[in-house]
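Numbering (this note's numbering), first residue to last: 749 to 801.
Even for Gly, the Cβ is constructed at its ideal location relative to N, Cα and C.
All of these numbers come straight from a predicted model, not from anything done at the bench.
All remarks here apply to the structure that follows.
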């Protein structure tokens, strides 16, 4: 049986950390930033760890 292919969308959105956790970027920071507060855009800048559940 052939190997399963990795989902190409997930491959672009998630990166594996050194300890084996998944890292992802936050949404809502691509465009229309002029009406979002600086505090919000700074908060959305960092990556997040994906948790089970």
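Of the choices 752, 800, 794, whose alpha-carbon is the least far from that of residue 772?
Nearest of 752, 800, 794 to residue 772, Cα basis: 794.
Check whether the Cβ atoms of residue 777 and residue 792 lie closer than 7 Å to each other.
Contact: yes.
Look at residue 797 and residue 769 and say whether their C-beta atoms are less than 7 Å apart.
In contact: residue 797 and residue 769 (Cβ atoms closer than 7 Å).
Pick out the complete alpha helix (DSSP H) segments inside the stretch 755-794, 4 residues or longer, and give them in chain order.
The qualifying runs are 756-761, 786-791.
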